[in-house]
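Here the structure comes first, spelled out in structure tokens, and everything after it is commentary.
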Amino acid sequence: MPGRSGTSPSRGSPRQQIDLVFDNNRLASTLYGEFDQNLALLERRLGIDARARGNMVTLAGAPTELALARRVLESLYDRLLEGQDVTQADVEGAVRMAEAEEAQLPLPTLDDSSRVRLARVATRKKSVVARTPMQDSYIRAFDRSELVFGIGPAGTGKTYLAVAFAAAMLERGDVERIILSRPAVEAGERLGFLPGDMKEKVDPYLRPLYDALYDMMPAEKVERGLASGTIEVAPLAFMRGRTLAHAAIILDEAQNSTTMQMKMFLTRLGEDSRMIVTGDPTQIDLRPGEMSGLVKATRILDGVEGISVVRFTAADVVRHPLVQRIVAAYEGDGKGG
């Protein structure tokens, strides 16, 4: 069992020391990372010292930070026991989740042993675990609500997690098909003027959705789904007049939908379907003076039964740390232009 510890306060200072022992030497080595890089990241993030000897890690630091470090290492070790990988991004995410629990935020959820229980989406190919409290809330909203809005800046996992959930639902047999849509604003929705067949016209606008699909499902299964119609991609303008039943439906870049398009799309929701709408209200490409359908929809539908609105911020960016700082800088500027 992980986490057997002994505590000894340092003389003349509030620093303490604990020893964590992990039963599996091989997994312990993976937990520490190559050249102990995961422990080094933990040291930087929490201001502690971490030294590994075999299957034991000695942590030294202030009591609060030591408690956080212990939660992080134990939760990551549990992931390894389940056969999952642990990357530095996972370490960063585990730190964020442990800090949220320490601050007594409503998320993440704790299990009976008071360990952080991270929400996750799993397909046969890959399991994706929440890396921020807001991602945790977003994933849990998928199971709780028939319509989920994921609002916030790039790099927060809005689209990726939505596609992962859709792929998982299809594999479990909870839905019969996946429908992916996106406004083609750059083409003015005049797709007939673009060369190629429908797939070739739409592909450039749906590439992020394709990338996420191929990450969550075997390539041959994606190709078969596209050929058979089990996986459908279409621009938003082509949703009119349809009822989308028994499907996982995703509208990406929804900030570029008009109010009429958004109302049309939301009312396509059919029996036994789930709908996820993602977008960034700070990146609207509509004509000047034209109101975003996403902005209006989240304003008037927030609080409606069966609908969840999850709002991400720069603190939820899970890409390169510099991306988080860039997003925060733009949010703080507030001048536009």
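Per this note's numbering, residue 240 is the first one in the sequence shown, and the count goes up by one each step.
Glycine residues also receive a C-beta, built at the ideal position from the N, C-alpha and C atoms.
Would Leu259 count as contacting chain C if we go by Cβ distances under 9 Å? Note that chain C does not occur in the displayed structure, where there is just one protein chain.
Go ahead and label Gln327 buried or exposed: buried means 16 or more other beta carbons lie within 10 angstroms of its beta carbon, across all protein chains shown. Along the sequence shown, one-based indexing puts residue 327 at 88. Around the beta carbon of Gln327, a 10 Å sphere encloses fewer than 16 other beta carbons of the protein chains shown; the residue is thus reported as exposed.
Give the secondary structure of Gln323 by DSSP, where H, G and I count as helix, E and B as strand, and everything else as coil. Stepping through the sequence shown from its first residue, residue 323 is reached at position 84. Coil, per DSSP.
Simplified DSSP state of Thr497, which is helix, strand or coil: Numbered from 1 along the sequence shown, position 258 holds the residue referred to as residue 497. Thr497 falls in the strand class under three-state DSSP.
So for Ile287, helix, strand or coil by DSSP? Taking the sequence shown and counting its residues from 1, the one referred to as residue 287 is at position 48. In the structure shown, Ile287 sits in coil (DSSP, three-state: anything other than H, G, I, E or B).
Looking at Met373 and Phe504, is the spacing between their C-beta atoms short of 9 Å? Translated into the one-based positions of the sequence shown, residue 504 becomes position 265. Translated into the one-based positions of the sequence shown, residue 373 becomes position 134. Their beta carbons are not under 9 Å apart, which means Phe504 does not touch Met373 by this criterion.
Backbone secondary structure at Gly528 - three-state DSSP: As a first step, residue 528 is located in the sequence shown; it is residue number 289 there, counting from the start. It is coil, neither helix nor strand.
Which class does Ser352 belong to by DSSP, given the choice of helix, strand or coil? For the purposes of this step, residue 352 is taken as residue 113 along the sequence shown, with counting starting at 1. Any reading at Ser352 is ruled out, since the residue's pLDDT is 47, under 50, leaving its predicted position unreliable.
Three-state secondary structure (DSSP) of Met295: On the sequence shown, residue 295 is found 56 positions in, with the first residue counted as 1. In this structure, Met295 counts as strand in the three-state DSSP scheme.
Mind checking who Phe388 pairs with in its DSSP beta bridge? In the sequence shown, residue 388 corresponds to position 149, counting from 1. Val516 and Val548.
Counting beta carbon pairs with one atom in the segment 450-460 and one in the segment 511-521, are three or more of them shorter than 8 Å? no
Might you give, ordered along the chain, the residues of its own chain that have their beta carbon closer than 7 Å to the beta carbon of Val581, omitting 5 neighbours on each side? Any property of residue 581 remains undetermined from this structure, which presents the chain solely from 240 to 576.
Which stretch, first to last residue, makes up the beta strand (DSSP E) that contains Gln256? Within the sequence shown, numbered from 1, the residue matching residue 256 stands at position 17. Element bounds for Gln256: Gln255 to Val260.
Within a Cβ cutoff of 8 Å, which residues of the same chain sit near Ser512, ignoring the five residues on either side of it in sequence? Here residue 512 corresponds to residue number 273 of the sequence shown, with the count starting at 1. Glu385, Val414, Leu483, Ala484, His485, Ala486, Ala487 and Ile488.
Spatial neighbours of Asn277 within its chain, please: CB distance less than 8 Å, with the 5 preceding and 5 following residues excluded, ordered by chain position. Within the sequence shown, residue 277 is the residue found at index 38, counting from 1. Only Leu270, Tyr271, Leu315, Val325, Gln327 and Val330 meet the Cβ criterion.
Quick one, which of Arg538, Leu281 and Val334 has its alpha-carbon nearest Ile390's? Locating residue 390 in the sequence shown gives position 151, counting from the first residue. Minimum Cα distance to Ile390 is reached at Arg538.
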